[in-house]
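So the structure is just underneath, and the comments pick up after that.
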Amino acid sequence: MMSGMTEGDEVAVLGVRVRLGAGATVDDVRALKTWLEREEPLEELLSGRHLRIEERTGTDGTRGRLGPDLELVLRIIGDVVTVAALTEYTARAVKTWTNNRRRLQGGDPDPQIRPLDPDGE
Numbered sequence: 178m179m180s181g182m183t184e185g186d187e188v189a190v191l192g193v194r195v196r197l198g199a200g201a202t203v204d205d206v207r208a209l210k211t212w213l214e215r216e217e218p219l220e221e222l223l224s225g226r227h228l229r230i231e232e233r234t235g236t237d238g239t240r241g242r243l244g245p246d247l248e249l250v251l252r253i254i255g256d257v258v259t260v261a262a263l264t265e266y267t268a269r270a271v272k273t274w275t276n277n278r279r280r281l282q283g284g285d286p287d288p289q290i291r292p293l294d295p296d297g298e
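Residue 178 is where the sequence shown starts when you use the numbering used here, and the numbers rise one by one after that.
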């Protein structure tokens with residue numbers, strides 16, 4: 178147990194959530210995950226085990242959603258990067274991926290990027 182913490186204390190989960198819009202497919206979510214894993218500086222954070230990218234079922238329960246109910250969660254492990262920096266890195270990578278996808282496949286996956294709540298949701 179870390180000093181200064183008592184049993185039952187919760188540790189804030191830091192990171193960002195990436196969710197694609199209704200026009201996206203499950204393949205789009207997985208392709209974006211692969212893209213993020215190879216994008217600098219995210220790749221460096223992953224290889225140093227300071228970041229984890231998880232594919233999760235969406236938690237907001239959007240009614241009438243036509244696309245996949247999947248999202249990507251980039252969780253910071255340790256204190257080597259801030260949420261603001263991670264959000265910037267992620268936004269830049271997602272923008273590049275979105276532009277490539279639009280050029281090759283058409284359509285707009287309408288990505289949304291936002292920081293995680295302190296409880297990881």
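Quick reminder that beta carbons are idealized off the backbone N, C-alpha and C, glycines included.
Next item on the list: Within its chain, find whatever has a CB closer than 6 angstroms to the CB of Arg291; leave out the 5 residues flanking it on each side and keep chain order.
Entry: Stepping through the sequence shown from its first residue, residue 291 is reached at position 114. Same-chain partners within the cutoff: Arg194.
Note to self: Measuring only the C-alpha atoms, how far is Arg233 from Val258?
What the structure shows: Start at 1 with the first residue of the sequence shown, and residue 233 comes out as number 56. Start at 1 with the first residue of the sequence shown, and residue 258 comes out as number 81. Between Arg233 and Val258, the C-alpha separation is close to 22 angstroms.
Notebook entry, point to check: Opposite Pro292 in the DSSP bridges: which residues?
Noted result: For the purposes of this step, residue 292 is taken as residue 115 along the sequence shown, with counting starting at 1. For Pro292, which the question treats as bridged, DSSP gives the partners Val193.
Notebook entry, point to check: What do you reckon, are the CB atoms on Leu219 and Thr267 nearer than 9 angstroms?
Noted result: For the purposes of this step, residue 219 is identified with residue 42 of the sequence shown, where counting begins at 1. For the purposes of this step, residue 267 is identified with residue 90 of the sequence shown, where counting begins at 1. Yes.
Note to self: If I measure Cβ to Cβ from Gly198 and keep anything under 8 angstroms in the same chain, skipping five residues before and after, which residues do I get?
What the structure shows: Walking along the sequence shown from the start, residue 198 turns up at place 21. Gly244, Asp285, Pro286, Asp287, Pro288 and Gln289, listed in sequence order.
Notebook entry, point to check: Between which two residues does the alpha helix (DSSP H) harbouring Val203 extend?
Noted result: As a working mapping, residue 203 is identified with position 26 in the sequence shown. Unbroken alpha helix (DSSP H) run through Val203: Val203 to Arg215.
Item checked: Straight-line Cα distance separating Gly255 from Trp212 -> One-based indexing of the sequence shown puts residue 212 at position 35. One-based indexing of the sequence shown puts residue 255 at position 78. Computed Cα separation, rounded: 23 angstroms.
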